[in-house]
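J.: Protein chains in written order, with my numbering: chain A, 1 to 183; chain B, 1001 to 1183. Below is one structure. I have some questions about it.
Protein chains: 2
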Amino acid sequence: MDNAVETVSSSALAAVAGVKSTQLRKDLGFVGQFGTRGLGYKVDVLSEAITATLGGTSLQSVILVGVGNLGAALLRYGGFHREGFEIVAAFDMYPQDVKLKADSKVVLQGMDEMWGVIQSEGIKMAIMAVPAKAAQSVANELVDAGVQAILNFSPTVLQVSDQVVVNNVDLALELESLSYFVR
Amino acid sequence: MDNAVETVSSSALAAVAGVKSTQLRKDLGFVGQFGTRGLGYKVDVLSEAITATLGGTSLQSVILVGVGNLGAALLRYGGFHREGFEIVAAFDMYPQDVKLKADSKVVLQGMDEMWGVIQSEGIKMAIMAVPAKAAQSVANELVDAGVQAILNFSPTVLQVSDQVVVNNVDLALELESLSYFVR
DNA sequence: TAGATTGTTAATCGATTAACAATC
DNA sequence: TAGATTGTTAATCGATTAACAATC
């Protein structure tokens, strides 16, 4: 049984991923067809296909504004890279006060550098983790400089032009949706 | 015009809240009817009704596990209280290493205290912000002790019994949904 | 062939939005 | 009365899930 090819079913994959098997099959369908009916997916084929798809997409550059507790956590958060994003620069009002772990490769800069970096790097997306008070003016500057999409962790509703998309992350809301299940 | 009652329309409210006016009216409808057709909502009536509704609901107790950068940010995050939750205790593997801002009222404890606190306080909900490696075993302990709902910031899919609800917060996913709008 | 499992279509569900009668 | 705006129903949309023919 040396050449045995390991296979895995959509239901097995779905179980570990925490989704329904139907959903998983549908999602895989967007990438291509590499399952075998009655058998499942060959692990090596699937793994290669996924790597190829992800690898083909180059990382999208993102900047982070506000490096307090939350900002620092986001910098260290591995997930962005996995989903195809790279935080290429981070900005804070008081960069000298921020202590980053030594393993961080991102250069921390003052707010006055932000506009220039967005322009020269052609940055289109920004993550905001600044205090509520500062949020609107930071957003204005981002949009002015050319940012088209903002992931906003500040507890404020940002007013931006219609061409700009804002995604507000409301952590408390996530908790609320859970509370319905607690009795 | 001394006794003039200020009113506000659903569209004005919706604009600042960043939602559609229809949605706002519908949401208010769940609480009760206090608008006046053709006129709008009287600010003081509306404000009182909302306060009463929110005040009536007592705060739900939640614990936080893992007080690294992200955990510390969550502790300081004002939004939970606003939505009716209160972080009543925080636990970390190395509590002595964690430096919290002086304004924090939450007592930080070691992991060995966790089970007892959940039991004695009857805690039903937990927020997890621990490293991926530790996530599953922490989840097991939480569930063992009686927690029924987990808000999980750790980048892991937790395997728990069907009676327990897990809400995974995937920050990268939020960013991904934005990227469709960037061209 | 019989059992298993994919790929995909159709049904379901929930949430959002449009539309409009009620009415101030 | 005419204009404005609510409260609510119906339509729309998107995402999830069930179901099943295809087929290994």
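Yeah, the Cβ is synthetic: ideal placement off N, Cα and C, and Gly gets one too.
Please list, in chain order, the chain A residues whose beta carbon lies closer than 7 Å to that of R1025 of chain B.
T.: Per Cβ cutoff of 7 Å: no residues; R1025 of chain B is ~18 Å from chain A at best.
J.: Ends of the beta strand (DSSP E) at K42 of chain A?
T.: G40 to K42
J.: Would you say V1088 of chain B faces chain A, with C-beta separation under 8 Å as the test?
T.: no
J.: Taking 8 Å as the CB-CB cut-off, is N167 of chain A touching chain B?
T.: yes
J.: Would you kindly work out how many angstroms separate the C-alpha atoms of T1007 of chain B and V1088 of chain B, rounded to a whole number?
T.: 38 Å
J.: Does DSSP put D1092 of chain B in a helix, in a strand, or in coil?
T.: strand
J.: Going by C-alpha to C-alpha distance, which of B:Q1096, B:A1090, B:A1129 and B:I1063 sits closest to G1146 of chain B?
T.: Ranking B:Q1096, B:A1090, B:A1129 and B:I1063 by Cα distance to G1146 of chain B puts B:I1063 first.
J.: Would P132 of chain A be called buried (16 or more neighbouring beta carbons within 10 Å of its own) or exposed?
T.: At residue 132 of chain A the sequence reads Ala, which differs from the Pro that was named. Exposed.
J.: Report the option in A:G66, A:G29, A:A134 and A:K20 whose CA atom is closest to the CA atom of V98 of chain A.
T.: A:G66
J.: Would Y77 of chain A count as contacting chain B if we go by Cβ distances under 8 Å?
T.: yes
J.: Establish whether the CB of A142 of chain A and some CB of chain B are separated by less than 8 Å.
T.: Note that residue 142 of chain A corresponds to Leu in the displayed sequence, not to Ala. For L142 of chain A, the closest Cβ of chain B is not nearer than 8 Å.
J.: In the structure shown, what three-state DSSP assignment does F1085 of chain B receive?
T.: F1085 of chain B falls in the strand class under three-state DSSP.
J.: By how many angstroms is the C-alpha of Y180 of chain A removed from the C-alpha of L1171 of chain B?
T.: The alpha-carbon atoms of L1171 of chain B and Y180 of chain A are separated by roughly 22 Å.
J.: For L178 of chain A, tell me which candidate among B:Q1159, B:N1168 and B:A1149 has the shortest Cα-Cα distance.
T.: That would be B:A1149, whose Cα lies nearest to the Cα of L178 of chain A.
J.: So what's S1047 of chain B in DSSP terms, helix, strand or just coil?
T.: Assignment of S1047 of chain B by DSSP, reduced to helix, strand and coil, places it in the helix class.
J.: Compare the beta carbon distance of V1182 of chain B and K124 of chain A with 8 Å and say whether it is the shorter of the two.
T.: A contact, by the Cβ cut-off of 8 Å.
J.: In angstroms with no decimal places, state the Cα-to-Cα distance between V1143 of chain B and G1038 of chain B.
T.: 52 Å
J.: Grouping DSSP H, G and I as helix and E and B as strand, with all else coil, what is A1172 of chain B?
T.: Helix, per DSSP.
J.: Counting only C-beta atoms, is E1006 of chain B closer than 8 Å to chain A at any point?
T.: no
J.: Going along chain A in order, which residues have a C-beta closer than 8 Å to the C-beta of M1125 of chain B?
T.: L175, L178, S179 and V182
J.: On the DSSP letters alone, give me the boundaries of the beta strand (DSSP E) that I127 of chain A sits inside.
T.: M125 to M128
J.: Can you list, in chain order, the residues of its chain whose CB lies under 8 Å from that of P95 of chain A, leaving out five sequence neighbours each side?
T.: Shown here for P95 of chain A: same chain residues with a beta carbon closer than 8 Å to its own, the five before and five after excluded, namely V67, L108, Q109 and G110 in chain order.
J.: Verify the CB distance criterion: does V16 of chain A have a CB-CB separation below 8 Å to chain B?
T.: So yes, V16 of chain A belongs to the interface.
J.: List, in chain order, every chain B residue whose beta-carbon is nearer than 9 Å to that of R82 of chain A.
T.: Result: P1155 and A1172.
J.: Buried or exposed for L54 of chain A, going by 16 or more other Cβ atoms inside 10 Å?
T.: exposed
J.: Counting only Cβ pairs nearer than 8 Å, list the residues of chain A close to A1149 of chain B.
T.: L178, S179, F181 and V182
J.: Are the beta-carbon atoms of Q60 of chain A and G84 of chain A separated by less than 8 Å?
T.: yes
J.: Using only CA atoms, which one of A:R76, A:K20 and A:S47 lies nearest to V31 of chain A?
T.: A:S47
J.: Mind checking if V138 of chain A is an interface residue toward chain B, Cβ cutoff 8 Å exclusive?
T.: no
J.: Does DSSP put Q1159 of chain B in a helix, in a strand, or in coil?
T.: coil
J.: Exposed or buried, which one is F1016 of chain B when buried takes at least 16 other CB atoms within 10 Å?
T.: The sequence given here places Val at residue 1016 of chain B; Phe does not occur at that position. V1016 of chain B comes out exposed.
J.: Since Q1060 of chain B meets chain A, which of its residues come closer than 7 Å, beta carbon to beta carbon?
T.: S179
J.: Would you call I1154 of chain B buried or exposed, if buried means 16 or more other Cβ atoms sit within 10 Å of its Cβ?
T.: Going by the sequence as given, residue 1154 of chain B is Ser instead of Ile. Buried, by the Cβ-count rule.
J.: Are any of the Cβ atoms in chain B nearer than 8 Å to that of F85 of chain A?
T.: yes
J.: What is the rounded straight-line gap between the Cα of G122 of chain A and the Cα of W115 of chain A?
T.: 10 Å
J.: Quick one: what's got a C-beta closer than 8 Å to K1105 of chain B's C-beta in the same chain, skipping five residues either side?
T.: Sequence-distant partners of K1105 of chain B (beyond 5 residues in either direction) whose C-beta falls short of 8 Å from its own C-beta are missing from its chain.
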